[in-house]
Amino acid sequence: NFEEAQMMGVPAAQETLVERVVTVVDTSDFVGQWMTDEKLRDRSDLAGDAVDDCAADRSVVELLAEQIEAADKVVLNKMDMSDESTAANADKVVRGLAGEDVEVTR
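Heads up: the sequence shown at position 65 corresponds to 65 in the UniProt record's numbering, and the numbers run straight through without jumps.
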């Protein structure tokens, strides 16, 4: 992640200032992804081909949680493609992960 890159002295990270992190959540698909037990190695659509063994063992859920927890703002996207139950469940999980100080918008 970016903070680790800064600590390791990666030049691009040393010369970059990140003021806000915005995470966009696909509300229509989030709950299904949240309930999966898949690892990144099983999901080339998420990880691509250049994943090292350590990263490949991370779960999809871990990646989702990390992205939401790192956000200063979370946008719940594709609400029009979600039924009310799916949207409510996604909203509840996201708000629980994000914390009180994080702005969550629909």
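Glycine included, C-beta positions come from ideal geometry on N, C-alpha and C.
Residue i versus residue j: straight-line alpha-carbon distance, rounded
{"i": "residue 43", "j": "residue 34", "result": "14 Å"}
{"i": "residue 64", "j": "residue 53", "result": "19 Å"}
{"i": "residue 81", "j": "residue 9", "result": "42 Å"}
{"i": "residue 97", "j": "residue 78", "result": "19 Å"}
{"i": "residue 57", "j": "residue 36", "result": "14 Å"}
{"i": "residue 99", "j": "residue 19", "result": "18 Å"}
Chain D within 8 Å of residue i, Cβ atoms only
{"i": "residue 6", "result": "Protein chain content of the structure displayed is limited to a single chain, and chain D is not contained in it."}
Integer-rounded CB distance, given that residue j should sit under 8 Å from residue i
{"i": "residue 90", "j": "residue 27", "result": "5 Å"}
{"i": "residue 24", "j": "residue 75", "result": "5 Å"}
{"i": "residue 72", "j": "residue 31", "result": "Residue 72 to residue 31, Cβ: 23 Å. No contact."}
{"i": "residue 60", "j": "residue 46", "result": "7 Å"}
Identity of the residue in the options nearest residue i by Cα
{"i": "residue 16", "options": "56, 6 and 46", "result": "6"}
{"i": "residue 93", "options": "84, 46, 68 and 55", "result": "68"}
{"i": "residue 86", "options": "14, 4, 3 and 29", "result": "29"}
Beta-bridge pairing of residue i - partner residues as DSSP gives them
{"i": "residue 23", "result": "74"}
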